[in-house]
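Trainee: Numbering (this note's numbering), first residue to last: 2 to 473.
1. To the nearest angstrom, report how far apart residue 302 and residue 178 are at their CA atoms.
2. Using three-state DSSP, classify residue 466 as helix, strand or coil.
3. Are the beta-carbon atoms of residue 269 and residue 153 separated by less than 8 Å?
4. Taking only three categories from DSSP, how would you classify residue 293?
5. Measure the alpha-carbon distance for residue 453 versus residue 143 and round it to whole angstroms.
6. With residue 331 as the anchor, note down where its alpha helix (DSSP H) starts and where it stops.
7. With residue 156 and residue 31 assumed to form a contact (beta carbons below 8 Å), what rounded beta-carbon distance in angstroms separates them?
8. Does DSSP classify residue 371 as helix, strand or coil?
9. Whole angstroms is fine: what's the gap from residue 317's alpha carbon to residue 448's?
10. State buried or exposed for residue 168, treating a residue as buried only when at least 16 other CB atoms are found within 10 Å of its CB.
11. Which whole-angstrom value is the C-beta distance of residue 276 and residue 430, which I expect to be below 8 Å?
12. So, with DSSP's three-state summary, where would you put residue 116?
13. Which same chain residues, not among the five before or five after residue 98, have their C-beta less than 6 Å away from its C-beta?
14. Within the same chain, show all residues whose beta-carbon is closer than 6 Å to that of residue 418, passing over the 5 residues directly before and after it, in chain order.
15. Please determine if the stretch 358 to 371 and the stretch 331 to 347 are in contact, where contact requires at least 3 C-beta pairs separated by less than 8 Å.
16. Among 458, 289, 133, 190, which one has its Cα closest to the Cα of residue 76?
17. Going by other Cβ atoms of all chains shown within 10 Å of its Cβ, with 16 needed for buried, is residue 7 buried or exposed?
18. So for residue 449, helix, strand or coil by DSSP?
19. Evaluate the contact criterion for the stretch 380 to 394 versus the stretch 253 to 265: three or more CB pairs, one atom per stretch, below 8 Å.
20. In whole angstroms, what is the alpha-carbon distance linking residue 29 and residue 186?
21. Tell me whether residue 1 sits in a helix, a strand or coil according to DSSP, three-state version.
22. Using three-state DSSP, classify residue 180 as helix, strand or coil.
23. Per DSSP, what kind of secondary structure is residue 21 in: helix, strand or coil?
24. What does a CB cutoff of less than 7 Å around residue 24 pick up in its chain, not counting 5 residues either side in sequence?
25. Check whether the Cβ of residue 147 lies closer than 8 Å to any Cβ atom in chain C.
26. Count the other CB atoms within 10 Å of the CB of residue 445; is the residue buried (16 or more) or exposed (fewer)?
27. Just the C-alpha distance for residue 432 and residue 406, rounded to the nearest angstrom, thanks.
28. Closest to residue 85 by CA distance: which of 22, 60, 36 is it?
29. Using a 10 Å radius around the Cβ and a threshold of 16 neighbouring Cβ atoms, would you call residue 55 buried or exposed?
30. Assign residue 10 to one of three DSSP states: helix, strand, or coil.
31. Would you give the residue range spanned by the alpha helix (DSSP H) that residue 52 belongs to?
32. Could you give the uninterrupted runs of the alpha helix (DSSP H) lying entirely in the stretch 126 to 203, keeping only those of 4 residues or more?
33. By DSSP, does residue 434 sit in helix, in strand, or in coil?
34. Using a 10 Å radius around the Cβ and a threshold of 16 neighbouring Cβ atoms, would you call residue 382 buried or exposed?
35. Evaluate residue 105 with the Cβ neighbour count: other Cβ atoms within 10 Å of its Cβ, from every protein chain shown; 16 or more gives buried, anything less gives exposed.
36. Check whether the Cβ atoms of residue 262 and residue 398 sit closer than 8 Å, and answer yes or no.
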């Protein structure tokens, strides 16, 4: 069979519905970046208002991560049973409620609980939205549309750091403001269709005509929708001929699914172990401990967020041209070297005021290579690597892996620094990046240019090593 999208004409512009889906993806990513980042700037005000110590600060900061783990797993079940579209609608509502509840919290405990609710939406969005957009999009623009989510995370982080730099904005206003874009996301999602791939998977040929209508709404004039639907239906037919034990959560136990799960969860693990959370959360603390004023340290943090955003834009432009695997292999060594250099400054005691410029340069270099490489792959890989029958369950496991690793780092990093020292911790994370490079080299195939159905065919045939994939 000729792959549907191979016969499609080149796409010069986004279809209106696909553009709307990209905006929904972007807003969900923005909320992720903003909601996880804004608390760092608000903790000083929160601590003063509620008279709390460091332990409660950590609980409030980490609460959103706990909610994200639960949300990513729960929304997997929902997206399988009621569909991607309805699940995202629910996530939008929880975003609004969580933001408002956090901003109105009367006590520190209430704030932590509200942040768990907000985290449920964040985790659910990371599991569902990239997968939904990947299932809507043709392969020629799939990577760029999914990366709108990742790009918007950078926008959210930058906005959060700028809001944190303003003493005129209270923490309640800063947190509550997130309800506005969440409401916009809800209104846009109401106008979007269900995933055609989910319709065929869930209902078979009885909803194939509806799936075809959805594809016509999503594709530009001249696109061979019939051939694309034929490929989706053929794949669904093969799914129907398999037992229910090969679907959903049960399907994750199948040996042929395991290579995709190893790659997806491995990438999720290394995106966090690369040191990104350490730099985002603790760069201001490290700088103030070594002679920076609080104001200067804060603006360096803004600069780091800006570099993150710029490299997301660059990645959005080049990822489908350069390739996922190649880009990651090129960028990860720069991340490792910058961390080794940072560690050397602190281990040797050369971390005083005279060494401020090279320390800042190393921090910015880290962000350049990390944001432009490994961070791009976290959500993109999870949205396209898994078979349709287990995609929701597998994506939720990957999201939970990412959020669980993030939570573990947040709760242990300061302890590691107190035991080993700042420089040694930088070196540990540098070694994690070396391990990440080796993992990508040996296990991550080049998925650029391959349709979701083609990726699944490789899995089922047992050919899922890098050497089995040729660039298309």
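Ideal Cβ placement from N, Cα and C applies to all residues, glycine included.
Mentor: Answer, in terms of the structure:
1. Locating residue 302 in the chain shown gives position 301, where the first residue counts as 1. Locating residue 178 in the chain shown gives position 177, where the first residue counts as 1. Approximately 21 Å, taken between the alpha carbons.
2. Here residue 466 refers to the residue found at position 465 when the chain shown is read from its first residue. Per DSSP, reduced to three states, the secondary structure at residue 466 is coil, with no helix or strand assignment.
3. Position 268 of the chain shown, counted from the start, is the residue given in the question as residue 269. Position 152 of the chain shown, counted from the start, is the residue given in the question as residue 153. Contact flag unset, no.
4. Here residue 293 refers to the residue found at position 292 when the chain shown is read from its first residue. In this structure, residue 293 counts as coil in the three-state DSSP scheme.
5. Locating residue 453 in the chain shown gives position 452, where the first residue counts as 1. Locating residue 143 in the chain shown gives position 142, where the first residue counts as 1. Here the C-alpha atom of residue 453 lies approximately 10 Å from the C-alpha atom of residue 143.
6. Residue mapping note: residue 331 aligns to position 330 of the chain shown, counting from 1. Element bounds for residue 331: 325 to 348.
7. Mapped onto the chain shown, residue 156 falls at position 155. Mapped onto the chain shown, residue 31 falls at position 30. Confirmed, Cβ separation roughly 5 Å.
8. Here the question's residue 371 lines up with position 370 in the chain shown. Helix at residue 371.
9. Here residue 317 refers to the residue found at position 316 of the chain shown. Here residue 448 refers to the residue found at position 447 of the chain shown. Each residue's alpha carbon lies about 15 Å from the other.
10. The residue labelled residue 168 in the question sits at position 167 within the chain shown. Residue environment: residue 168 is assigned as exposed (fewer than 16 neighbouring CB atoms within 10 Å of its CB, all protein chains considered).
11. Working through the chain shown from its first residue, we reach residue 276 at position 275. Working through the chain shown from its first residue, we reach residue 430 at position 429. 4 Å between Cβ atoms; contact.
12. The residue labelled residue 116 in the question sits at position 115 within the chain shown. In this structure, DSSP gives residue 116 a helical state, which the three-state scheme calls helix.
13. Looking up residue 98 in the chain shown gives position 97. Taken in chain order, the list of residues that qualify is empty.
14. As a first step, residue 418 is located in the chain shown; it is residue number 417 there, counting from the start. Answer for residue 418: 426, listed in chain order.
15. In this structure the stretch 358 to 371 touches the stretch 331 to 347; the number of beta carbon pairs closer than 8 Å is three or more.
16. Taking the first residue of the chain shown as position 1, residue 76 is located at position 75. Here the closest residue by C-alpha is 133.
17. Indexing the chain shown from 1 puts residue 7 at position 6. Because residue 7 carries a pLDDT of 45, less than 50, the predicted location of this residue cannot be relied on, and the following value inherits that uncertainty. With fewer than 16 other Cβ atoms within 10 Å, it is exposed.
18. Within the chain shown, numbered from 1, the residue matching residue 449 stands at position 448. The answer is coil: DSSP assigns residue 449 none of H, G, I, E or B.
19. Yes, the stretch 380 to 394 is in contact with the stretch 253 to 265.
20. Within the chain shown, the letter at position 28 stands for residue 29. Within the chain shown, the letter at position 185 stands for residue 186. Answer to the nearest angstrom: the Cα atoms are 7 Å apart.
21. Residue 1 lies beyond the residue range present for the chain, which begins at 2 and ends at 473; the question has no answer from this structure.
22. Mapped onto the chain shown, residue 180 falls at position 179. In this structure, residue 180 counts as helix in the three-state DSSP scheme.
23. Looking up residue 21 in the chain shown gives position 20. Residue 21 falls in the helix class under three-state DSSP.
24. Stepping through the chain shown from its first residue, residue 24 is reached at position 23. Around residue 24: 189.
25. No chain C appears in the structure shown, which is made up of a single protein chain.
26. On the chain shown, position 444 is the one that residue 445 refers to. Buried, by the Cβ-count rule.
27. Position 431 of the chain shown, counting from 1, holds the residue named residue 432. Position 405 of the chain shown, counting from 1, holds the residue named residue 406. Annotation: residue 432 to residue 406 spans about 16 Å, alpha carbon to alpha carbon.
28. In the chain shown, counting from the first residue as 1, residue 85 sits at position 84. Nearest C-alpha to residue 85: 22.
29. The sequence position of residue 55 within the chain shown is 54, counting from 1. It counts as exposed.
30. Within the chain shown, the letter at position 9 stands for residue 10. Note that residue 10 scores 42 on pLDDT, short of 50, meaning its location in the model is unreliable and no value can be drawn from it.
31. Locating residue 52 in the chain shown gives position 51, counting from the first residue. Run containing residue 52: none; DSSP gives neither H nor E here.
32. With a minimum length of 4 residues, the continuous alpha helix (DSSP H) runs that stay inside the stretch 126 to 203 are 140 to 166, 172 to 177, 180 to 190.
33. Sequence index remark: in the chain shown, residue 434 carries index 433 (1-based). Under the three-state reduction of DSSP output, residue 434 falls in the helix class.
34. For this step, residue 382 is matched to residue 381 along the chain shown. Residue 382 should be labelled buried.
35. As a first step, residue 105 is located in the chain shown; it is residue number 104 there, counting from the start. Looking at its Cβ environment, which holds fewer than 16 other Cβ atoms inside 10 Å, residue 105 is exposed.
36. Locating residue 262 in the chain shown gives position 261, counting from the first residue. Locating residue 398 in the chain shown gives position 397, counting from the first residue. Yes, these two residues count as a Cβ contact at 8 Å.
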